[in-house]
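J.: Residue numbers (my numbering), protein chains in the order written: chain A, 1 to 171; chain B, 172 to 621.
Glycine included, each C-beta is placed from N, C-alpha and C at the ideal position.
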Amino acid sequence: MAGKQITYGLYNDETDMMAAVKHANSKHLEIMDVFSPFPVHGLDPLLGLSESRLHIAGFVYGLLGTLTAFLGMTWIFTKDWPIVFGGKPYWSVPAFIPITFELTVLFAAVGMTFTFYILCGLGPGVTNKVLDDRITDDKFCIAFDETEVGRGEAESFFNSTGATEVHSKVL
Amino acid sequence: MSTYISDSPTHFEFTARHRMFLLVGIALGVICLGMTWMVDDEFHSRFWSNLLHNSVFFTGIALMAGFFLSVCIIAWAGWHTVFKRVWEAMSMNLLVGLVFMTIIALVTYMHGNHLYHWADVKSYVAEDDQILIGKSGFLNKNIYLIFTVVFVGLWLFFMTRIRNLSIAEDSDGDASFSHHHKMRKYAALFLPLVGFSSAAMIWQWIMSIDAHWYSTMFAWYTGASWFVSMMCFTVLSLIYLKGKGYYPEVTKEHIHDLGKFIFAFSIFWTYLWFSQYMLIWYANIGEETVYFKERFDKYPVLFYGNLLVNFILPFFVLMRNDTKRKFGSLGFVAGVVFVGHWIDFFLMIKPGVAINTHHAMGGHGDHGGDHGHGAEHAGEHGHGVAESVGHGAEHASEFVLGTTFPGFLELGTMIGFLSLFILVFFMVLSKARLVPKNDPYLEESLHHHV
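Here's what the structure looks like:
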């Protein structure tokens with residue numbers, strides 16, 4: 001897969017970066033992505049990002065865990081291998097609750113983690129290309145896809161909004 | 172130091188309309204209490220249990236408001252600062268709590284009611300009731316009175332100090348934040364005090380109604396119930412105040428966080444509810460199961476309804492992100508759960524009082540000597556839960572408003588106490604600025620974002 005030609009600018013401060021994002025929006029420049037070392041409050045609506053749907057997956061995984069545990073125990077203790085514990089009935093719902101709870105949490109947590117890794121293309125042995133090492137440290141970055149925003153236009157935008165560095169890279 | 176200036180009213184205006192509405196509510200409560208007294212049995216057990224039920228419930232809400240405010244102060248939290256006056260005003264209801272709990276303690280001291288079997292010393296000593304004799308060092312009328320007055324008095328003292336410092340900061344806060352440092356000291360002393368004394372008071376006020384029975388989770392369980400009720404009241408009052416044009420600074424972000432607390436602590440409450448039940452169910456010891464057998468047999472609707480309203484409803488409704496941010500859905504849940512926890516306290520108090528009254532009237536053998544029954548019952552048939560519920564039908568004839576289900580008199584009394592709570596809350600709230608000035612965390616709170 002051929003890489004994208006990307007023009008990106010680095011900012012020293014998240015307030016400069018936020019102002020630049022607003023400026024880009026007003027000039028209808030299509031931002032490819034924004035990178036920052038930490039979550040910046042109020043950035044998501046500016047970029048028009050919709051809410052993550054990961055938690056819906058989490059609910060489904062959790063429900064799957066609930067059903068696995070509860071129906072599994074019901075089958076084991078009433079059909080497969082019924083044993084009397086302490087004079088309790090075979091189908092002892094209160095005794096099932098803690099395990100049902102545990103499996104709900106386990107399925108939801110593990111399921112969401114794997115889903116998140118797959119969606120982000122992360123995992124053991126995967127090396128992700130990064131635009132600039134310092135975007136994980138102290139720089140805030142706005143990136144444009146060159147097919148959307150031409151290099152000249154991007155550079156003048158970065159210069160007018162106070163970016164400290166402007167680079168171009170194929171990724 | 173903050174230079175924040177708002178266009179909205181700085182003070183809450185306690186209008187004549189508010190006063191009239193709330194006084195009507197209080198009058199309704201007084202009439203209902205009076206009517207309860209008239210229709211009551213010879214010991215006025217319905218009257219006294221209603222008074223105890225509501226006094227404990229609303230005192231606890233006031234305490235939890237102060238407790239959580241202190242937690243926020245100690246934790247260097249800033250999100251709540253913009254509406255901290257709401258919690259300060261709620262906590263001042265400890266004064267009302269002090270009055271009512273002292274009345275109950277004094278009447279118990281003079282043997283004027285039969286809420287507590289342990290207060291009836293002659294009877295249990297004559298029966299050679301070793302359990303109550305063993306507990307008499309803690310469960311006696313002197314300790315009950317002294318603990319009630321001293322601890323509720325101390326809670327009130329600490330919250331008054333913290334509130335006064337907070338208000339003094341408005342007018343002469345300095346750059347070194349000396350008021351806030353003092354508040355931290357008071358809060359740091361208040362928290363361990365509340366931690367131990369609230370448990371002691373819960374044992375005395377509520378758990379000792381079923382004097383033979385005990386559960387090590389009971390104090391946590393009751394505390395969680397108070398806490399959720401307090402959060403519900405906070406949400407409802409903020410929605411009301413915002414609707415009247417106050418608090419434009421309190422945004423959906425603050426409300427969202429309060430919604431999370433209702434959600435989280437409803438789950439915490441359920442965790443305690445279930446753990447308390449499951450340990451007793453598993454061990455299957457008659458002395459312990461008798462508590463639940465009573466509730467299965469005579470209170471099946473409330474017993475399971477309690478779980479439905481206080482767990483299933485908030486859990487599934489508030490699970491989503493947006494339902495915690497909409498005033499409609501959050502306000503609805505807060506209202507229902509508030510009543511739900513009031514019913515939770517009904518379930519803690521009424522069954523035990525009914526047994527104690529029965530006992531005091533001479534109906535022996537139904538409680539003290541009959542502990543083996545629950546265990547024998549569950550053990551023999553091997554399906555205690557289903558059997559006990561089935562039993563409920565046999566006892567259906569014992570359905571009595573005010574004893575096995577809240578009647579109109581209970582509802583009216585609750586409205587009376589709630590009106591009094593809101594009256595004090597509004598009066599205290601109107602005395603100081605709604606949004607504090609000069610608080611070191613004010614700016615953080617104004618820009619709160621989740």
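Determine the DSSP secondary structure at His-167(A), reduced to helix, strand or coil.
T.: strand
J.: What residues in the segment 489-502 of chain B bring their beta carbon closer than 8 Å to a beta carbon of chain A?
T.: If the cut-off is 8 Å between Cβ atoms, the segment 489-502 of chain B has Met-490, Asn-492 near chain A.
J.: Over what stretch of residues does the beta strand (DSSP E) that includes Leu-10(A) continue unbroken?
T.: 5-11
J.: Measure from the C-beta of Asn-477(B) to each C-beta in chain A and report whether the shortest distance is under 8 Å.
T.: Cβ-Cβ to chain A under 8 Å: no for Asn-477(B).
J.: Starting from the C-beta of Gly-152(A), find all residues in its chain whose C-beta is less than 7 Å away, skip the five residues before and the five after it, and write them out in chain order.
T.: none
J.: Exposed or buried, Ser-50(A), counting other C-beta atoms within 10 Å across all chains shown (16 or more means buried)?
T.: exposed
J.: So for Val-34(A), helix, strand or coil by DSSP?
T.: Correct three-state label for Val-34(A): strand.
J.: According to DSSP, is Ala-346(B) helix, strand or coil?
T.: coil
J.: In the DSSP output, what is Ile-142(A) paired with across the bridge?
T.: Gly-9(A), Val-34(A)
J.: Check this for me: beta carbons of Met-272(B) and Ser-220(B), under 8 Å apart or not?
T.: no
J.: So the alpha helix (DSSP H) Tyr-295(B) belongs to, where does it begin and stop?
T.: 292-297
J.: Helix, strand or coil for His-182(B) per DSSP?
T.: strand
J.: Quick one: what does DSSP say Gly-545(B) is sitting in, helix, strand or coil?
T.: Residue confidence for Gly-545(B) is low, a pLDDT of 39 falling below 50, so the modelled location carries little weight; the figure read from the coordinates is stated next. In this structure, Gly-545(B) counts as helix in the three-state DSSP scheme.
J.: Compare the C-beta of Trp-247(B) with all C-beta atoms of chain A and state if any pair is closer than 8 Å.
T.: no
J.: Could you check whether the Cβ of Glu-102(A) sits closer than 8 Å to any Cβ belonging to chain B?
T.: no
J.: On a Cα-Cα basis, can you pick out the residue from Phe-570(B), Met-519(B), Val-195(B) that is closest to Trp-376(B)?
T.: Trp-376(B) has its Cα closest to that of Met-519(B), out of Phe-570(B), Met-519(B), Val-195(B).
J.: Using a C-beta to C-beta distance shorter than 8 Å, which residues of chain B count as neighbours of Ile-97(A)?
T.: Phe-445, Met-449
J.: Evaluate contact between the segment 189-197 of chain B and the segment 581-593 of chain B, counting only Cβ atoms and requiring at least three cross-stretch pairs below 8 Å.
T.: yes
J.: Strictly below 8 Å CB to CB, what residues from chain B border Glu-51(A)?
T.: Asn-492
J.: Does the count of Cβ pairs from the segment 315-329 of chain B and the segment 384-400 of chain B closer than 8 Å reach three?
T.: Touching, no, given that fewer than three Cβ pairs across the two stretches are closer than 8 Å.
J.: Can you confirm whether His-427(B), when its beta carbon is compared against all beta carbons of chain A, has any partner nearer than 8 Å?
T.: no
J.: Between Phe-516(B) and His-224(B), what straight-line distance do the alpha-carbon atoms span, to the nearest angstrom?
T.: 7 Å
J.: Looking at chain B, is there any beta carbon in it that lies within less than 8 Å of the beta carbon of Gly-86(A)?
T.: yes
J.: Name the DSSP beta bridge partners of Leu-572(B), please?
T.: Phe-576(B)
J.: For the alpha helix (DSSP H) containing Ala-198(B), name the first residue and the last one.
T.: 187-210
J.: For Cys-403(B), is the classification buried or exposed, using 16 other Cβ atoms within 10 angstroms of its Cβ as the cut-off for buried?
T.: buried
J.: Mark Cys-120(A) as exposed unless 16 or more other C-beta atoms lie within 10 angstroms of its C-beta, in which case mark it buried.
T.: Within a 10 Å sphere around the beta-carbon of Cys-120(A) sit fewer than 16 other beta-carbons, which makes this residue exposed.
J.: Terminal residues of the continuous alpha helix (DSSP H) containing Tyr-470(B)?
T.: Segment: none, Tyr-470(B) is in no alpha helix (DSSP H) and carries neither H nor E.
J.: Taking DSSP as the reference, what is the three-state secondary structure of Phe-309(B)?
T.: coil
J.: Near Thr-100(A), which residues of its chain fall below 7 Å by C-beta distance, leaving aside the five closest residues on each side in sequence?
T.: Thr-66, Ala-69, Phe-70
J.: Would you kindly check if the distance between the Cβ of Leu-617(B) and the Cβ of Glu-420(B) is under 8 Å?
T.: One thing to note: Glu-420(B) has its Cβ within 8 Å of the Cβ of Leu-617(B).
J.: Rounded to whole angstroms, what's the CA-CA distance from Ala-339(B) to Ile-118(A)? Just pull it up for me.
T.: 55 Å
J.: Could you pull out every residue in the same chain whose Cβ sits closer than 7 Å to the Cβ of Gly-536(B), ignoring the five residues on either side in sequence?
T.: Here the model assigns Gly-536(B) a pLDDT of 46, short of 50, so the residue's position is not dependable and the matter cannot be decided.
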